[in-house]
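*Asks:* Residues in the sequence shown are numbered from 1 upward in steps of one, following the working numbering.
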Amino acid sequence: MQRYRSTHSAPYFYALFLIMKKTLLSALFLYSACAALPAQKREAVQLSDRYNDVTQIMSGETQFLLPQFTAGMVMFKSGERASAKLNYNMLLEQMQFIGDDSSVMAIANLDEVQHVSIGKRFFIKHKSAFIEVLVDGEVQLGVSRKLRIVDHRKDAGYGGATSLMKVESVSTMDGAPADHLTGTEKLIYEESRTYYLIKSFKPKVANKKAFIKAFPACKDEIVRQNIDYSKEEQLRALVILCQGKG
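1. List the DSSP bridge partners of residue 95.
2. Do residue 116 and residue 74 come within 8 Å of each other at the CB atom, strictly closer than that value?
3. Where residue 193 and residue 229 are concerned, what is the direct C-alpha to C-alpha distance, given to the nearest angstrom?
4. If you reduce the DSSP assignment to three classes, tell me which class residue 140 lands in.
5. How far does the beta strand (DSSP E) with residue 198 in it extend, from its first residue to its last?
6. Can you find the residues in the same chain that come closer than 8 Å, C-beta to C-beta, to residue 206, ignoring five residues on each side of it along the sequence?
7. Once the 5 residues before and after residue 135 are set aside, which same chain residues still bring their CB inside 7 Å of it?
8. Just checking my contact of residue 190 with residue 150 at CB under 8 Å: how many whole Å lie between their CB atoms?
9. Taking all protein chains shown into account, do 16 or more other C-beta atoms lie within 10 angstroms of the C-beta of residue 167, making it buried, or fewer, making it exposed?
10. Have a look at 45, 114, 62, 109 and flag the residue whose alpha-carbon is nearest the alpha-carbon of residue 79.
11. Could you tell me which of 231, 123, 153, 103 sits nearest to residue 186, measuring between CA atoms?
12. Quick check on residue 127: does DSSP put it in helix, strand or coil?
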């Protein structure tokens with residue numbers, strides 16, 4: 001019987017390896033892009049003369065990250081722990097819990113807090129807000145979420161509305177109180193996300209410079225990839241890729 005003999009040279013196999021590597025990398029990014037990600041929340045809040053606080057008008061489904069308060073744990077820098085039913089309020093950027101009297105309260109003494117877990121989700125404190133860890137590892141990928149006003153409309157009569165964003169300062173309306181507004185006005189809130197690379201509980205905004213500093217062994221791939229640093233699926237894929245090169 002005649003033995004099979006390959007006629008392919010070493011350069012051929014090296015070229016094939018490079019093609020397969022590129023295909024695998026593309027597949028990783030495609031898989032991440034197709035993975036189910038939580039949709040960003042958006043809500044139009046019709047103001048009411050009866051209330052002067054947006055938190056009283058906006059649905060809890062939009063205000064909070066989770067559909068309901070869930071058992072979790074607060075870890076303090078001292079090593080102490082406290083368990084409670086927790087949820088993250090994206091409107092107020094507060095980690096809130098249900099107290100003994102069933103009232104909803106925000107975690108105080110934030111300077112003493114190191115991290116919070118809610119179910120299987122993990123959050124680290126950043127300034128007065130919290131960042132959720134999306135990809136774990138020595139260098140983590142995290143996201144901070146907040147609800148911001150993207151439009152401010154006023155009833156113009158005859159079923160129409162006009163935008164006031166050009167004449168109103170968004171920064172003066174980003175907080176919950178809205179007592180200077182009237183019942184003929186509507187605020188359009190949308191979830192805003194900022195992504196971070198986190199090492200030793202120290203977050204840095206995720207961009208090319210931060211990635212190269214966090215993953216020096218992955219510099220060539222970071223430079224080569226055309227990454228949109230506002231896209232979660234692309235950031236997840238890049239972090240996973242760079243973790244594999246560490």
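Where is the CB? At the ideal position from N, CA and C, for every residue including glycine.
*Replies:* Taking the coordinates as given:
1. Answer by DSSP bridge pairing, in chain order: 88.
2. Yes, Cβ-Cβ distance for residue 74 and residue 116 is below 8 Å.
3. Separation of residue 193 and residue 229 (C-alpha to C-alpha, rounded to the nearest whole angstrom) is 11 Å.
4. Three-state DSSP puts residue 140 in a strand.
5. Here the beta strand (DSSP E) through residue 198 covers 185-199.
6. For residue 206, same chain residues with a beta-carbon under 8 Å away, outside a window of 5 residues either side, are 141, 195, 196, 197, 229, 235 in chain order.
7. If we look at residue 135 and ignore the five residues flanking it on each side, its Cβ neighbours are 141, 236, 239, 240.
8. Rounded to whole angstroms, the Cβ separation of residue 190 and residue 150 is 5 Å, and the two are in contact under 8 Å.
9. For residue 167, the pLDDT reaches just 32, beneath the cut-off of 50, and the residue's location in the model is therefore unreliable, although a value from the coordinates is still provided. Classification for residue 167: exposed.
10. Among 45, 114, 62, 109, the Cα nearest to that of residue 79 is on 114.
11. Of all alpha-carbon atoms in 231, 123, 153, 103, the one lying nearest the alpha-carbon of residue 186 is that of 153.
12. The answer is coil: DSSP assigns residue 127 none of H, G, I, E or B.
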